[in-house]
Amino acid sequence: EAGVHFGHQMRRWDPRMKPYIFTERNNIYIIDLQQTVKLVEIAYDFIREISSNGGNILFVGTKKQAQESIKSEAERCGMYYVNYRWLGGILTNFNTIRKRVKRLHELEEMENNKMFEVLPKKEVISLKREKEKLEKILTGIKDMEELPAAIFVADPKKEKIAVAEAIKLSIPIVAIVDTNCNPEEIDYVIPGNDDAIRAVKLISSVIADAVLEGKKSTIEKETEKETEIFKA
7 EAGVHFGHQM
17 RRWDPRMKPY
27 IFTERNNIYI
37 IDLQQTVKLV
47 EIAYDFIREI
57 SSNGGNILFV
67 GTKKQAQESI
77 KSEAERCGMY
87 YVNYRWLGGI
97 LTNFNTIRKR
107 VKRLHELEEM
117 ENNKMFEVLP
127 KKEVISLKRE
137 KEKLEKILTG
147 IKDMEELPAA
157 IFVADPKKEK
167 IAVAEAIKLS
177 IPIVAIVDTN
187 CNPEEIDYVI
197 PGNDDAIRAV
207 KLISSVIADA
217 VLEGKKSTIE
227 KETEKETEIF
237 KA
């Protein structure tokens with residue numbers, strides 16, 4: 007019902023996606039949903055394992071169909087996200103990005119401390135504009151103090167810079183891979199429609215559930231440890 011199985015038009019395909027295609031209908035490739043289900047389970051286990059070991063996941067999806075799901079699902083499981091624009095260097099130039107985040111915190115503090123009220127109007131307009139711009143790009147990662155243990159990408163073709171940065175740093179990539187994408191760059195391929203809002207929402211929610219289950223098992227482990235110490 008979410009339309010996960012609808013691929014792209016046949017002329018827009020990447021031949022490397024052939025193993026994940028079930029058939030074609032009305033000049034559109036149909037993704038093999040049995041494989042999708044199997045591969046979602048593998049990705050789920052991987053994300054759950056990372057989360058249970060205290061690792062963070064960065065959710066990435068800047069296309070219109072993915073923006074809302076990426077933000078809401080990342081927030082639901084307490085993870086980070088980029089859903090407006092991928093700023094080159096978010097992963098490979100992390101320290102510089104942290105400086106931009108620091109600047110955003112400074113501007114937020116200035117506004118909270120009512121400093122905008124005593125500054126010249128022209129300067130305030132400029133500072134507010136700067137703050138809004140930084141917020142759009144950095145809000146989802148402003149509390150990310152270290153590189154993520156893995157990234158989840160809604161469309162690796164659209165997010166090719168994010169994918170390239172993750173590959174360079176050997177950060178595992180989990181991604182919704184449509185029939186026009188190259189699956190060979192992705193560590194955990196989830197064949198699916200990356201253009202349908204409901205399909206992106208469905209798969210993103212499964213990834214968020216995996217994070218939450220991993221976190222839950224961490225809490226349970228810690229509780230068990232505390233109980234053992236108490237008994238001893």
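First residue of the sequence shown: 7, per this note's numbering; consecutive thereafter. Glycine included, every Cβ here is placed at the ideal spot set by N, Cα and C. Bear in mind that the values here come from a model prediction, so they are computed numbers and not experimental data.
| field | residue 225 versus residue 211 - alpha carbon distance | value | Position 219 of the sequence shown, counted from the start, is the residue given in the question as residue 225. Position 205 of the sequence shown, counted from the start, is the residue given in the question as residue 211. Distance between the alpha carbons of residue 225 and residue 211 is about 21 Å.
| said: I need the boundaries of the alpha helix (DSSP H) containing residue 103, first residue and last residue. | reply: Looking up residue 103 in the sequence shown gives position 97. Note, residue 103: alpha helix (DSSP H), 100-118.
| message | In this structure, how does DSSP classify residue 30 when only helix, strand and coil are distinguished? | response | As a first step, residue 30 must be located in the sequence shown, where it is residue number 24. Under the three-state reduction of DSSP output, residue 30 falls in the strand class.
| Using 8 Å as the Cβ pair cut-off and three pairs as the minimum, do the stretch 105-112 and the stretch 123-143 touch? | yes
| Straight-line CA distance for residue 20 to residue 175? | Position 14 of the sequence shown holds residue 20. Position 169 of the sequence shown holds residue 175. Cα-Cα distance, rounded: 25 Å.
| Less than 8 Å separating the beta-carbons of residue 100 and residue 64? | Locating residue 100 in the sequence shown gives position 94, counting from the first residue. Locating residue 64 in the sequence shown gives position 58, counting from the first residue. No. Outside cutoff.
| query | For the stretch 154-191, which segments carrying the alpha helix (DSSP H) assignment without a break, of at least 4 residues, lie completely within its bounds, in sequence order? | reply | 166-174
| task | Inspect the CB distances between the stretch 156-165 and the stretch 188-205 and report whether three or more fall short of 8 Å. | result | yes
| How many whole angstroms separate the CB atoms of residue 23 and residue 185, which I take to be in contact at a CB cut-off of 8 Å? | Walking along the sequence shown from the start, residue 23 turns up at place 17. Walking along the sequence shown from the start, residue 185 turns up at place 179. Confirmed, Cβ separation roughly 5 Å.
| query | Apart from the five residues just before and just after residue 178, which ones in its own chain have a Cβ nearer than 6 Å to its Cβ? | reply | Position 172 of the sequence shown, counted from the first residue, corresponds to residue 178. Closer than 6 Å at Cβ, skipping near neighbours: 156, 193.
| task | Give the range of the alpha helix (DSSP H) segment to which residue 63 is assigned. | result | By 1-based counting over the sequence shown, the position of residue 63 is 57. Note, residue 63: premise wrong, no alpha helix (DSSP H); beta strand (DSSP E) at 63-66.
| task | State the beta-bridge partners of residue 197 as determined by DSSP. | result | Against the sequence shown, residue 197 aligns to sequence position 191. DSSP, once it has assigned bridges, lists 183 as partnering residue 197.
| How would you call residue 5, buried or exposed, if buried means at least 16 neighbouring beta carbons within 10 angstroms? | It is not possible to answer for residue 5, since the shown part of the chain is limited to 7 through 238.
| request: Can you tell me which of the three DSSP states residue 88 falls into? | output: Translated into positions along the sequence shown, residue 88 becomes position 82. Here residue 88 sits in strand by DSSP.
| message | Going by the DSSP bridge assignment, what does residue 50 pair with across the sheet? | response | One-based indexing of the sequence shown puts residue 50 at position 44. DSSP lists no bridge partner for residue 50.
| For residue 27, which residues of its own chain have a beta-carbon under 6 Å away from its beta-carbon, when the five flanking residues on both sides are left out? | The count along the sequence shown starts at 1 and reaches residue 27 at position 21. So the qualifying residues of the chain are 35.
| field | residue 62 vs residue 86 beta-carbon contact at 8 Å | value | Your numbering for residue 62 matches position 56 in the sequence shown. Your numbering for residue 86 matches position 80 in the sequence shown. Taking 8 Å as the Cβ cut-off, residue 62 and residue 86 qualify as a contacting pair.
| CB of residue 196 within 8 Å of CB of residue 39, strictly | Here the question's residue 196 lines up with position 190 in the sequence shown. Here the question's residue 39 lines up with position 33 in the sequence shown. Result no, Cβ atoms of residue 196 and residue 39 do not sit closer than 8 Å.
| query | Among residues of its own chain, excluding the 5 on either side of residue 73, which ones have a beta-carbon nearer than 7 Å to its beta-carbon? | reply | Indexing the sequence shown from 1 puts residue 73 at position 67. Taken in chain order, the residues that qualify are 67, 89.
| message | Mapping the DSSP letters down to three states, classify residue 96 as helix, strand or coil. | response | The residue given as residue 96 occupies position 90 in the sequence shown. Coil.
| query | How should residue 217 be labelled, buried or exposed, when 16 other C-beta atoms within 10 angstroms of its C-beta is the threshold for buried? | reply | For the purposes of this step, residue 217 is identified with residue 211 of the sequence shown, where counting begins at 1. In summary, residue 217 is buried, with 16 or more beta-carbon neighbours lying within 10 Å of its beta-carbon over all protein chains present.
| query | Of the residues 190, 206, 125, 94, which one's Cα is nearest the Cα of residue 143? | reply | What you label residue 143 is simply residue 137 of the sequence shown in a count that begins at 1. The shortest Cα separation from residue 143 among 190, 206, 125, 94 belongs to 94.
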